[in-house]
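Enquirer:
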Amino acid sequence: MQQFSPSNHSLPRAATVARLVFAVALLALLAGLVMLLDTRAQAAEVPKATKPRPSFVVIQTDDETLDQLYASFTPAGGVPVVAMPYTLADIAEKGITFDRYYDSYPLCTPSRVSLLTGRYAHNNGVKGNVEPNGGYTGFASRAANTHNLATWLQGSGYRTIHIGKFLNGYGEEPLSSYREVPPGWNSWRTVINSDSDHYYYGYEISHNGILEGPFGDSGSWETREYGERDDPGCPTAPANGKPCYYETDFFNRVASEELFATSPEQPFYMQVDYTAPHGDFRRPAGPEPAPRDYGSFAGAPYPHSRSQGFNEGNVNDKPRFIREAPYLSPTEIHTYRVYYQKALESLRSVDEGVNEIVKTLGAMHRLRNTYIIFTSDNGFFYGEHRLTGGKFLAYEPSTHLPLLIRGPGIKPGTSTGELASVTDIAPTILELAGVKPDKSIDGQSLVPFWKNPELRTRRALLFESFVETADVEQHGGAPEYNPATGASVSSAGRAKLLRPKAGAASASGGEASAHASIVAPPKDYEGIRLGPYKYIEWPDGEKELYDINRDPYELNNIVRNPNYFPIRAYLHAQLIRLEACVGRRCTESAPPFPLTRKQQQKVNKERREEERRKQKEREEREHHKKAPKKGK
C-alpha cells in the first residue's frame with residue numbers, strides 16, 4: 209500500500225483552500241459591485257438639489273431722460289449735488305449699463321406694454337394713451353392683457369407684485385374700475401391713474417381691488433394750487449407716526465413691505481412704476497419733489513447748451529412743425545429750467561427708494577440671486593429743437609433712455625454699446641427664469657451682451673408712432689398738451705386744458721409769453737436705428753437721417769446729402785422690412801452697410817491706382833523680357 213507523507217498530503221488540501229478563498233473573494237467582490245450599482249441607481253433616482261431660480265425687480269420711472277440719470281452740479285462755493293447717486297452706485301457700478309438703449313414708441317402706455325410683452329406696438333395692438341386703441345382699456349381688451357411677463361412668470365410659480373403707476377386710465381370710471389386686477393398679479397398696489405391727473409398727494413390706490421386713500425391733500429384742480437404737504441422731516445423709510453403721504457415715499461415703503469411678505473423659497477417678480485419725474489398738474493410747472501428735497505437743484509443748468517440743440521438756431525432741415533416753431537422766450541427758458549430742476553429734485557426720492565430696495569434684499573439674503581433692472585418709459589423735451597415738453601417724437605431726448613441691470617453673472621461696472629430695445633426686457637427675464645412665452649417675442653435676450661460686452665450685431669431697432677390716428681382721430685381733433693405734465697387731452701373735452709393762457713402767471717412769477725413755444729406734438733411716423741444712423745419717415749413725405757456717432761444732438765439732417773443717398777436707400781429698405789415684422793424677423797441681422805458715395809469714390813480710386821500699378825508691373829516685365837541679354 210502506498211504511503212503518503214504529511215508533506216505530500218498537504219499539497220491538494222492547500223490548492224483546495226486557495227480555490228475556496230478565491231471563490232469567496234470573488235463572490236464578495238461581485239456582491240460589492242452589485243451594491244455599488246444599486247446605490248448609484250438609487251442616487252440617480254433622487255433629483256439633485258436645483259439652483260434656486262432668480263428673482264427680478266424692475267424699477268421704471270416716468271419721463272426720465274438719460275441726462276437726468278447722470279445729472280449733477282456744484283452750487284457756487286458748495287458741495288457737488290448728484291441726482292441719483294444710489295442708483296449709480298447700487299446698480300450701474302454693480303452691474304452693466306446699456307449705453308444705446310431705446311424706446312420703440314416714446315409714449316407712456318405703448319412703451320409700458322412693450323416692456324411687459326416684448327412686442328412692438330404694431331403687434332401687441334396698444335397704440336396710444338386713450339381708448340379704444342390705447343390706455344388701460346385698450347390693453348385690457350387685447351391679448352397683451354393675458355400674455356405678458358406677469359402671466360408667464362406667475363404661471364411658472366413666481367410671486368408677481370405691482371406697485372405704482374400701471375397704465376393711463378387705470379381705474380378711471382366708467383371705462384375702468386379700481387376693482388379690476390389684471391391677470392397675472394399676486395399683489396396689486398396700483399395708483400388710480402386717469403389720462404390727465406398726476407398727483408404726488410391725494411392719490412388713491414387699488415390694493416388688490418380694494419380702494420385705499422386718498423393719501424394726503426391733492427389741492428385744487430380749479431386753481432391748480434397745492435394742498436397740504438408732508439413735513440420736511442418725513443423720510444423715505446417708514447416714519448415714526450408722521451403722516452407722510454408723498455407718493456414716491458409711499459411706493460418705497462410698500463416695496464419693502466412686499467419683499468418681506470414674500471416666502472424665502474419663492475422666486476418673485478416685482479415691478480415698481482414711479483410717477484416721478486412726470487409733471488404734476490399744479491403750479492408751478494413740473495413735478496412735485498419730496499419736501500426734504502425742495503431746492504436741492506436750484507440753480508442747476510439746462511442739460512444741453514445752444515450748441516447741443518437747446519433752442520436750436522437753424523431748423524431748416526427739420527420737419528415743418530419744427531421749422532415753424534418760435535424760439536423760446538426768456539420767460540419760457542426760465543420756466544422750463546425750473547421744471548428741469550424740479551424733475552431732478554423729484555428723482556432724489558426715487559433714488560432713495562432704489563437704495564431701500566437693495567438694502568431690503570440684502571437683509572433678506574436674496575440680493576445675490578436677484579436681477580435689478582432700472583429704466584424709464586420714455587424721455588422728455590426741455591427745449592431741444594425748440595420743443596418745450598412732451599415726448600412722442602423719435603429724437604434722442606425722447607427715445608434714448610437709461611438701462612441698468614445688476615444680478616448674478618454680471619461683471620460689475622461693465623457697459624456695452626450694443627443697440628437694445630424696450631422689447632428686449634421681457635425675453636431677457638424669461639430666459640433667466642427658464643420660462644417660455646406662449647406668444648411670439650419681437651425682442652431678444654440681452655444675456656449674451658453681459659457675457660461678452662464687446663459682442664455686436666447688425667440688429668436694427670424700430671421706432672413707430674400711431675398716436676395721431678390712435679388717440680387724436682378717435683377723439684375728434686388735435687389734442688391739447690400740458691407742457692408741465694405732457695398729458696394728452698383731446699379737444700373733444702376729455703379733461704381741462706392745462707396750458708397757462710396768455711397773461712397767466714408763470715413759474716417765474718411773471719406773465720406767460722404771448723408767442724408760446726410748442727410742445728412735442730403727437731405725430732405718426734416710422735423710423736429705424738441701425739449702426740451709427742437714425743432714419744425717420746413722416747406721413748407727409750419728409751425724411752430725416754442722422755449720423756448719431758458724429759452728430760449726437762441731431763443738428764444736421766443729412767437725408768438730402770448726395771453722399772448718403774446709398775445709406776438712405778439701405779435704411780429705407782430695412783424700415784420696410786421691420787414695419788410689420790413679427791417675432792424673430794424683428795431681430796434678424798441686417799445686411800452689411802453700403803458705402804457712402806465718398807467711400808465708394810475712394811474705393812474706386814484705390815482700385816484704379818491698383819490696376820495702374822499692376823499694369824506698370826506687367827509692362828516692366830515685358831520690357832525686361834525684350835531687353836537684350838548682357839554678353840550677347
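When we follow my numbering, the leftmost residue of the sequence shown carries the number 209, and every step to the right adds one. Think of the CB as a built atom: it goes at the ideal place given N, C-alpha and C, for glycine as much as any other residue.
Note the first and the last residue of the continuous beta strand (DSSP E) segment covering aspartate 585.
Expert: No beta strand (DSSP E) holds aspartate 585; DSSP gives it neither H nor E.
Enquirer: Looking only at C-alpha atoms, which of Leu612, Pro616, Val630 sits nearest to threonine 624?
Expert: Among Leu612, Pro616, Val630, the Cα nearest to that of threonine 624 is on Leu612.
Enquirer: With 16 as the cutoff for other CB atoms within 10 Å, does glutamate 818 come out buried or exposed?
Expert: Exposed.
Enquirer: On the three-state DSSP scale, how would you describe glycine 372?
Expert: Note: glycine 372 maps to strand in three-state DSSP.
Enquirer: Are the segment 659-679 and the segment 322-340 touching by the rule of at least three beta carbon pairs closer than 8 angstroms?
Expert: In short, these stretches touch, since the Cβ pair count reaches three.
Enquirer: I think arginine 514 touches glycine 521, with their Cβ atoms under 8 angstroms apart; what is that distance to the nearest whole Å?
Expert: The Cβ separation is near 7 angstroms, so the contact holds.
Enquirer: Can you confirm whether the segment 259-278 touches the segment 548-558 when touching is taken to mean that 3 or more C-beta pairs between the two stretches lie within less than 8 angstroms?
Expert: Contact between the segment 548-558 and the segment 259-278 is present, because at least three Cβ pairs lie under 8 angstroms.
Enquirer: Using 10 angstroms around the beta-carbon of proline 382, count the other beta-carbons present and answer buried if the total reaches 16, otherwise exposed.
Expert: Its Cβ having fewer than 16 others within 10 Å, proline 382 is exposed.
Enquirer: Mind checking whether glycine 417 and valine 389 have CB atoms under 8 angstroms apart?
Expert: Cβ distance < 8 angstroms, so glycine 417 and valine 389 count as in contact.
Enquirer: DSSP three-state label for alanine 252, please.
Expert: For alanine 252, the predicted structure reports a pLDDT of 40, less than 50, and the residue's modelled location is therefore unreliable. The matter cannot be settled from this model.
Enquirer: Does glutamate 412 come out as helix, strand or coil in the three-state DSSP assignment?
Expert: In the structure shown, glutamate 412 sits in a strand (DSSP, three-state: E or B).
Enquirer: So is lysine 373 buried or exposed if we call it buried at 16+ other beta carbons inside 10 Å?
Expert: Buried, by the Cβ-count rule.
Enquirer: Out of Cys794, His355, Pro509, point me to the one whose CA is closest to threonine 543's CA.
Expert: Here the closest residue by C-alpha is Pro509.
Enquirer: Where does isoleucine 845 land, buried or exposed, given buried means 16+ other C-beta within 10 angstroms?
Expert: An answer regarding residue 845 cannot be provided, because it is not within the stretch 209 to 840 covered by the chain.
Enquirer: List the whole-angstrom C-beta distance separating glycine 517 from tyrosine 761, where the pair is believed to meet the contact cut-off of C-beta under 8 angstroms.
Expert: Glycine 517 to tyrosine 761, Cβ: 4 angstroms. Contact.
Enquirer: Compute the Euclidean distance between the alpha carbons of threonine 539 and proline 799, then round it to the nearest angstrom.
Expert: Approximately 49 angstroms between the Cα atoms of the pair.
Enquirer: For lysine 335, count the other beta carbons within 10 Å of its own beta carbon; 16 or more makes it buried, fewer makes it exposed. Which is it?
Expert: With 16 or more other Cβ atoms within 10 Å, it is buried.
Enquirer: Spatial neighbours of proline 288 within its chain, please: CB distance less than 6 angstroms, with the 5 preceding and 5 following residues excluded, ordered by chain position.
Expert: Cβ neighbours of proline 288 beyond the five flanking positions: Ser280, Thr282.
Enquirer: Just the Cα atoms here: how many angstroms apart are aspartate 457 and proline 729?
Expert: Their Cα atoms are separated by approximately 32 angstroms.
Enquirer: Can you grab the Cα-Cα spacing for the pair isoleucine 575 / isoleucine 299, in whole Å?
Expert: The sequence as given places leucine at residue 575; isoleucine does not occur at that position. Cα-Cα distance, rounded: 12 angstroms.
Enquirer: Among Arg666, Pro635, Val643, Arg667, which residue has its Cα nearest to the Cα of leucine 654?
Expert: For the residues Arg666, Pro635, Val643, Arg667, the minimum Cα distance to leucine 654 belongs to Pro635.
Enquirer: Out of Glu564, Ala352, Gly424, which one is the CA nearest neighbour of phenylalanine 293?
Expert: Contrary to the premise, residue 293 reads as proline rather than phenylalanine in this sequence. Ranking the options by Cα distance to proline 293, first place goes to Glu564.
Enquirer: What is the DSSP secondary structure of glutamate 745, counted as helix, strand or coil?
Expert: Note: glutamate 745 maps to strand in three-state DSSP.
Enquirer: Taking Cβ to Cβ, would you say serine 511 is nearer than 8 angstroms to tyrosine 548?
Expert: In the sequence as presented, serine is not what sits at residue 511; that position holds proline. In this structure, tyrosine 548 lies closer than 8 angstroms to proline 511 by Cβ.
Enquirer: Can you give the Cα-Cα distance for glycine 487 and proline 495, rounded to whole angstroms?
Expert: Cα to Cα, the separation comes out at about 4 angstroms.
Enquirer: Reducing DSSP to helix, strand and coil, say where serine 385 ends up.
Expert: Three-state DSSP puts serine 385 in coil, outside helix and strand.
Enquirer: For valine 643, which residues in the same chain have their Cβ closer than 7 angstroms to its Cβ, ignoring the five residues on either side in sequence?
Expert: Here the set comprises Trp360, Leu361, Ser364.
Enquirer: Quick check for students: name the residue ranges of the alpha helix (DSSP H) that lie wholly in the segment 461-547, counting only runs of 4 or more.
Expert: DSSP runs (the alpha helix (DSSP H)) wholly in the segment 461-547: 528-531.
Enquirer: Can you find at least 3 beta carbon pairs, one from the segment 602-616 and one from the segment 300-312, that sit closer than 8 angstroms?
Expert: With a cut-off of 8 angstroms, the segment 300-312 and the segment 602-616 count as touching, because enough Cβ pairs lie within range.
Enquirer: Within a Cβ cutoff of 8 angstroms, which residues of the same chain sit near lysine 834, ignoring the five residues on either side of it in sequence?
Expert: For lysine 834, where only same-chain residues beyond five positions count, there are no Cβ hits under 8 angstroms.
Enquirer: Starting from the C-beta of isoleucine 618, find all residues in its chain whose C-beta is less than 6 angstroms away, skip the five residues before and the five after it, and write them out in chain order.
Expert: These residues qualify, in order along the chain: Gly303, Ile304, Trp658.
Enquirer: Consult DSSP for histidine 217 and reduce its assignment to one of helix, strand or coil.
Expert: Because the pLDDT of histidine 217 is 39, which lies under 50, any placement of that residue in the model is unreliable, and the number read from its coordinates should be weighed accordingly. DSSP places histidine 217 in helix when its eight states are reduced to three.
Enquirer: Would you report the Cα separation of threonine 583 and valine 630, rounded to the nearest angstrom?
Expert: Computed Cα separation, rounded: 9 angstroms.
Enquirer: Kindly give me the distance between the Cβ atoms of leucine 753 and arginine 776, rounded to whole angstroms, as I take these residues to be in contact under 8 angstroms.
Expert: Correct: roughly 6 angstroms between the Cβ atoms.
Enquirer: Span of the alpha helix (DSSP H) holding tyrosine 344?
Expert: Note, tyrosine 344: alpha helix (DSSP H), 343-348.
Enquirer: Rounding to the nearest angstrom, what Cα-Cα distance links aspartate 650 and arginine 666 in this structure?
Expert: Rounded to the nearest angstrom, the two C-alpha atoms are 15 angstroms apart.
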